[in-house]
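Heads up: the structure comes next, in C-alpha cells.
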Amino acid sequence: MGGNGEFEPRIVGILCNWCTYAGADMAGTSRMQYPPNVRFIRVMCSSRVDPQFILKAFELGADGVFIGGCHHGDCHYVTGNYRAEERIKLVRKLIEQLGIEPERLRLEWISASEGNVLVEVMNDFVKKLKELGPSPLSKDKE
Amino acid sequence: MGEKEVRIGVYVCHCGTNIAGVVSPQELASYAATLPNVVVAKDYRFMCSDPGQEMIKQDIKEHNLNRIVVAACSPRLHEPTFRRVCAEAGLNQFLYEQANIREHDTWVHMRQPKEALEKAKDLIRIAVAKAARLEPLEVQKVKVTPVCLIVGGGIAGISAALDVANAGFKVHLLEKSPTIGGRMAQLDKTFPTMDCSACILTPKMVDVARHPNIEIHSYSEIKEVEGYVGNFKVKIVEHPRYVLADKCTGCGKCAEVCPVFVPNEFELGMGSRKAIYVPFPQAVPNVYTIDREKCIECKLCVKVCEPEAIDFNQQEREIELEVGTVIIATGYDVYTPFDAPQYGYGILPNVITSLELERLLSSFGPTGGKVIVPTTHEKPKRIAFIQCVGSRDQRLFPYCSRVCCTYSVKHARQIKEKYPDTEIFIFYMDMRTFGKGYDEFYEIAGREYGVNFVRGRVAEVRRVPGTDKLMVRAEDTLLGQLMELEVDMVVLASAVIPREETEQIQHLFRLSRSADGFLLEAHPKLRPVDTLTDGVFVAGMAQGPKDIPDAVAQGKGAAAAAIALMGMGEVEIEPYFSIVNEELCSGCKVCQDICPYGAIGMTVDGKSNINSVLCKGCGACAAACPSGAIDTQHFKFNQVMAQIEAAMKR
C-alpha cells in the first residue's frame, strides 16, 4: 500500500457531528499534521453507530475502525455517548470471536476544541495498527 | 426522487491555495467524473463565491442535476451556503452533500501531497455514494418564544439585556449573587479613559431595573434546562433572602443594628459587612439579604425594620421560564496564586493581587481610596508589580489574560497621581496594551509618570529579615543583569480564569469549552457569539478573557443574534428525526427505553411511533432496533453503509 512498500493501515472513522467531527475540523484549522490513513464519516451522534457499520468496515478489509464522540456528560443528545460505549464494548467482543483483534476497534471521546487529542489518537492508532499488521480480513494482504 | 435517474454534479473548490496548493483540483474533478451517476464535475477557485454559486445553479438547470456534491471546506462552515444554492435553483436542499477535503485533508496532510490526493479522491467517492442515496426532506419550522434568558448580570449581560429589551422582547436577567453589576462593580477606574467604573456602570444597572421588559432574578441559579432553539424550558431557583423584596426599601437600618461582622466578599475579605447586608451601596435590586450561616437570629433587625420586610420563614422558590433564546454571560474568576509560591501570596501579607489593589484604590473601598502597606498601614514608598502571574505559564494557564498589562499601567498611574514620590517597578514578559488608546496610555506612564518598566520574570519574592519589607529578585533581560529590589509592597497581576460554575453551565446547555476552560464559540472568527447549541449565545469573559469594551461589544452582538432569531418568529430545524417502518416493528419497546427525549410512544396496534417534534435525530434508537425497523433521516442505514463501502473501495 505505502509507496515504499511499508504497510499502511486503512481506517474508517465514524464521528459525531458535535464533538469529534468538530475536533477534527479544529485540527485542520490549526494545521496540525497526522497520518493520512483515516477516512471520516459524519453522523449526528456516536449512538447512531450501528454495529453493522463497524462489521461492514471490517468485512471490507478495514485494518481499524475509529468511533469518536463527546466526553461523558457533554453529549449533545444527553446520553448518546453512554449508549455508544456500551454498544462498542459488545462489538469488540463480537469481532474478537470473529478473529479480529479487539484493539482494531477504537472509541475515543474528543471535544470540539481537542484537535490536538485527535492528532495524538490518530498517531497512536496508526502506530498500533502497524504493529498489529494487516487485518485478518484485509484485501491488501496478498 | 423515486424512479428518477440520479444525476450528480461534483464541484471541487481550490479554496485559493488552501486546497489547490496541496492537491490538484483538476485531477480530482476528472476523477469525480468517472464515479457512478456523476454527470458533471468541475473545479473552481472559490466555490463559495458568487460566480461559484452561479455555476452550480446554472448546471442544475442545464444538466438536470438532482444531487450536488461540493468538495471543499468542512460542512460545518459552508453546508448552509450550498444548501441555499440548491434551494434557489429549485432543488430540495437536502439533496446536497459536502466532502471535507480541506480541514480533514489538505490542511492536515500538507507535507504528504500524494497521500492527500488519494484521500481527497476517497472523500469525494464517499460523498458521491451518500449523495446518490439522499432523499428530499422538508424542513420543520418551530416558533420562537419571544423571550430571552440572560445568565449573568455583569456588564456583558447588562449590555445584552438592555438591547434585547429595547428591541421589544421580554428579558429574564438571572444573577447568582444578590445584586447585578458583576466584576465591573468592584473596579475603581477603567482604562484608558480613567472613567470611574461605578459612574458608568450604575446608571446601566438602574436602567435595567427600571426597564418594563426586564425582570431581574437575583440570588438565583439554574436548576434544569429542557427543550431546544426557540422553545427552552428553564427551571430556576431563587434563594431566600429572608427579606421581602417588595417591602424592603433599602434604608439600611437593619444593617446598622446587626451585631454580626462578617468578612466582606465584595472587598475580597479586606473589609467587613454585617450578617444582613447589601454587597455594595449601589446594589440593584437594593434589597438586603440575610446571611443565615452567620446570622445569630437576635432579630434586632426585625425590630427596626419599619416596612416589616424581614421574614425568617422565607423559602426557596422555584420558577419555570419558557424562553426562545439564551445568552450566557457568566463572567470569570481571578486566580488565587497559591500555586506560585515563589511570589509569597498568602504567606507574605504585603503581597496582594491586582483586584485587591483595585479595592484599596476605590473611594468606597475598605480604606476609602488610600493605598496602604497591609502590615504597617503606611503609604508605600516603592511598589513592584509582577505581570503574568498564572497567565502564559505552561504549568498553570497557558493563555494571555489580556487585561493585566493595561490595568497594571492604570494602577501605576493612579498611585503616581496620589503619591508622586512612590517609586513603581512593573516586571513584565512583554507589554500587551493592545486596545484603542491603550498603547498611548502605556507610553505616557513611562514618559510622564516615571513608571519603571523592567522586562524580566521575577524569580522570587521574600521578606527582608527583621523588617516588613520585601526583596524582589529578577533578571532584567534588556540589560542582561540580575537585580534585587527592596520594596514595601508587591502586586500580582493574577490570571483571569473560568468561573467554577462554567462546567455546570456547559452541561445544562450542552455547550463545549475550549482548551483554556472558557466556553467555546461556534466559529472563532465568523460566529463569535453563537455556541454549538442553536439559540444559545455567549458574551463577555465567559467566552474568554476580554476587556470591558470587548465584553460590551460581545454582549450587544449576542443581543443582536437573539433579537434576529426572535424577530423571525420561527426557526427552521433540520428534519433529522427518526422514522419507524411499522411493518418491521415488533413492538419490543427497546427504542422507548433508549430515547433520551421520551419521543417514542406506541400506536394502538402496538407499534413504535416517533414524535418528530420531540425527536432530535441522534439515531440511538435506529442503531438499537433489533428488527431494523427504525431509520434516521439523512443518516439512513443504507446511506452510511454506502459511505463505508465507498471508503473501502479502491
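Chains as they are written, first to last, in this note's numbering: chain G, 1 to 142; chain S, 143 to 792.
Glycine is no exception: its CB is placed at the ideal position from the N, C-alpha and C atoms.
> Is the CB-CB distance between S/I223 and S/C190 below 8 Å?
Replying inline: For this step, residue 223 of chain S is matched to residue 81 along the second sequence. For this step, residue 190 of chain S is matched to residue 48 along the second sequence. Looking at the sequence shown, residue 223 of chain S is not Ile but Thr. Taking 8 Å as the Cβ cut-off, S/T223 and S/C190 qualify as a contacting pair.
> Between which two residues does the alpha helix (DSSP H) carrying S/H359 extend?
Replying inline: In the second sequence, the residue the question calls residue 359 of chain S occupies position 217. Element bounds for S/H359: not the alpha helix (DSSP H) but the beta strand (DSSP E), 356-359.
>> Using CA atoms only, rank isn't needed, just tell me which of S/A766, S/Y718, S/P717, S/A703 is closest to S/K731.
In response: Within the second sequence, residue 731 of chain S is the residue found at index 589, counting from 1. Nearest C-alpha to S/K731: S/A766.
> Cα separation between S/G232 and S/L276?
Replying inline: Numbered from its first residue, the second sequence carries residue 232 of chain S at position 90. Numbered from its first residue, the second sequence carries residue 276 of chain S at position 134. Rounded to the nearest angstrom, the gap between the Cα atoms of S/G232 and S/L276 is 16 Å.
>> Here's the rule: buried if 16 or more other CB atoms are within 10 angstroms of the residue's CB, otherwise exposed. What is S/A706?
In response: Position 564 of the second sequence holds residue 706 of chain S. Flag for S/A706 reads exposed.
>> Give me, in chain order, the residues of the same chain whose beta-carbon lies closer than 7 Å to that of S/V165; leave out the 5 immediate sequence neighbours on both sides.
In response: As a position in the second sequence, residue 165 of chain S is number 23, starting the count at 1. The residues are T248, P255, A258, L259, A262.
> Does S/Q484 have its Cβ less than 8 Å from a Cβ in chain G?
Replying inline: Locating residue 484 of chain S in the second sequence gives position 342, where the first residue counts as 1. Cβ-Cβ to chain G under 8 Å: no for S/Q484.
>> Just to make sure I have the definition right: I need the residues of chain S whose C-beta is within less than 8 Å of the C-beta of G/T29. Which are they?
In response: Against the first sequence, residue 29 of chain G aligns to sequence position 29. Going along chain S in sequence order, the residues near G/T29 (Cβ under 8 Å) are E245, W249, P666.
> Closer than 8 Å, CB to CB, is S/C546 near chain G or not?
Replying inline: As a position in the second sequence, residue 546 of chain S is number 404, starting the count at 1. So no, S/C546 is outside the interface.
> Cα separation between G/F53 and G/E114?
Replying inline: The residue you call residue 53 of chain G lines up with position 53 of the first sequence. The residue you call residue 114 of chain G lines up with position 114 of the first sequence. Approximately 25 Å between the Cα atoms of the pair.
>> Just to confirm, is the Cβ distance from S/A175 to S/A162 under 8 Å?
In response: Against the second sequence, residue 175 of chain S aligns to sequence position 33. Against the second sequence, residue 162 of chain S aligns to sequence position 20. Taking 8 Å as the Cβ cut-off, S/A175 and S/A162 do not qualify as a contacting pair.
> So which of S/I752, S/Q646, S/N208 has the shortest CA-CA distance to S/K367?
Replying inline: Position 225 of the second sequence, counting from 1, holds the residue named residue 367 of chain S. As written in the sequence, residue 367 of chain S is Val, which differs from the Lys given in the question. Looking only at S/I752, S/Q646, S/N208, the smallest Cα-Cα distance to S/V367 is reached by S/Q646.
> Counting along the chain, where does the alpha helix (DSSP H) carrying S/E645 start and finish?
Replying inline: As a working note, residue 645 of chain S is residue 503 in the second sequence. Where S/E645 is concerned, the enclosing alpha helix (DSSP H) stretches over 644-651.
> Any residues in the stretch 40-56 of chain G with a beta carbon nearer than 8 Å to a beta carbon of chain S? Which ones, in chain order?
Replying inline: Hits within the stretch, in order: F40, I41, R42, V43, M44, C45, S47, R48, V49, D50, P51, Q52, F53, K56.
> Buried or exposed: which applies to S/L410, given that a residue is buried once 16 or more other Cβ atoms fall within 10 Å of its Cβ?
Replying inline: As a position in the second sequence, residue 410 of chain S is number 268, starting the count at 1. So S/L410 counts as buried.
> Going by Cα to Cα distance, which pick from S/Y153, S/I470, S/G466, S/D618 is closest to S/E712?
Replying inline: The residue labelled residue 712 of chain S in the question sits at position 570 within the second sequence. It is S/G466 whose Cα lies nearest to the Cα of S/E712.
> Are there 16 or more other CB atoms within 10 angstroms of the CB of S/D692, so buried, or fewer, so exposed?
Replying inline: As a working mapping, residue 692 of chain S is identified with position 550 in the second sequence. Buried, by the Cβ-count rule.
>> Quick check: is the beta carbon of G/S138 nearer than 8 Å to any beta carbon in chain S?
In response: Residue numbering aside, residue 138 of chain G sits at position 138 when the first sequence is read from its first letter. Residue contact check for G/S138 against chain S: no CB pair falls below 8 Å.
>> For G/F66, tell me which candidate among G/Y77, G/A84, G/T79, G/H76 has the shortest Cα-Cα distance.
In response: Numbered from its first residue, the first sequence carries residue 66 of chain G at position 66. Put simply, of G/Y77, G/A84, G/T79, G/H76 the residue whose alpha carbon is nearest the alpha carbon of G/F66 is G/A84.
> How would you call S/K830, buried or exposed, if buried means at least 16 neighbouring beta carbons within 10 angstroms?
Replying inline: Residue 830 of chain S lies beyond the stretch modelled for chain S, which goes from 143 to 792, so this question has no answer here.
> Counting along the chain, where does the beta strand (DSSP E) carrying S/T673 start and finish?
Replying inline: Your numbering for residue 673 of chain S matches position 531 in the second sequence. Counting along the chain, no beta strand (DSSP E) covers S/T673, and no H or E run does either.
> Could you give the distance in angstroms between the alpha-carbon of S/G144 and the alpha-carbon of S/I772?
Replying inline: Counting from 1 along the second sequence, the entry for residue 144 of chain S is found at position 2. Counting from 1 along the second sequence, the entry for residue 772 of chain S is found at position 630. Because S/G144 sits at a pLDDT of 48, beneath the cut-off of 50, its placement in the model cannot be relied upon, and the following sentence gives the value as read from the coordinates. Taking the straight line from one Cα to the other gives about 20 Å.
> How do the stretch 314-332 of chain S and the stretch 716-727 of chain S stand: do at least 3 beta-carbon pairs fall below 8 Å, yes or no?
Replying inline: By the Cβ test, the stretch 314-332 of chain S is not in contact with the stretch 716-727 of chain S, since fewer than three Cβ pairs between them sit closer than 8 Å.
> Sorted by chain position, which residues of the same chain lie with C-beta nearer than 7 Å to S/N206's C-beta, five sequence neighbours on each side aside?
Replying inline: By 1-based counting over the second sequence, the position of residue 206 of chain S is 64. So the qualifying residues of the chain are R149.
>> Please classify S/K445 as buried or exposed, where buried requires at least 16 other C-beta atoms within 10 Å of its C-beta.
In response: Numbered from its first residue, the second sequence carries residue 445 of chain S at position 303. Sixteen is the threshold: since fewer than 16 other Cβ atoms of the shown chains lie within 10 Å of the Cβ of S/K445, the residue is exposed.
>> Checking 8 Å against the spacing of the C-beta atoms, do G/M32 and G/A112 come in under that value?
In response: By one-based count along the first sequence, residue 32 of chain G stands at place 32. By one-based count along the first sequence, residue 112 of chain G stands at place 112. It is not a contact, given that the beta carbons lie outside the stated cut-off.
> According to the Cβ coordinates, are S/L490 and S/R605 closer than 8 Å?
Replying inline: Indexing the second sequence from 1 puts residue 490 of chain S at position 348. Indexing the second sequence from 1 puts residue 605 of chain S at position 463. The answer is yes: Cβ separation under 8 Å.
> Smallest Cα separation from S/E565: which of S/G577, S/F539, S/S543, S/V596?
Replying inline: On the second sequence, position 423 is the one that residue 565 of chain S refers to. Restricting attention to S/G577, S/F539, S/S543, S/V596, the CA atom closest to the CA of S/E565 is found in S/V596.
>> Any C-beta of chain G within less than 9 Å: which residues of the stretch 667-684 of chain S qualify?
In response: Those would be L674, T675, in chain order.
> Taking DSSP as the reference, what is the three-state secondary structure of S/R275?
Replying inline: What you label residue 275 of chain S is simply residue 133 of the second sequence in a count that begins at 1. DSSP places S/R275 in coil when its eight states are reduced to three.
> G/T79 touches chain S at which residues, Cβ-Cβ below 7 Å?
Replying inline: As a working note, residue 79 of chain G is residue 79 in the first sequence. The answer, in chain order, is P738.
> G/H76 versus chain S: which residues are under 9 Å apart at the beta carbon?
Replying inline: Within the first sequence, residue 76 of chain G is the residue found at index 76, counting from 1. The contacting residues are R652, L674, T675, K758, C760.
>> With a threshold of 8 Å between beta-carbons, can S/R253 be considered close to chain G, or not?
In response: Against the second sequence, residue 253 of chain S aligns to sequence position 111. It does; some Cβ of chain G falls within 8 Å.
> Helix, strand or coil for S/L627 per DSSP?
Replying inline: On the second sequence, position 485 is the one that residue 627 of chain S refers to. In the three-state reduction of the DSSP assignment, S/L627 falls in the strand class.
> With 8 Å set as the bound, which would you pick, yes or no: does the beta-carbon of S/Q785 sit closer than that to a beta-carbon of chain G?
Replying inline: As a first step, residue 785 of chain S is located in the second sequence; it is residue number 643 there, counting from the start. A Cβ of chain G is located within less than 8 Å of the beta carbon of S/Q785.
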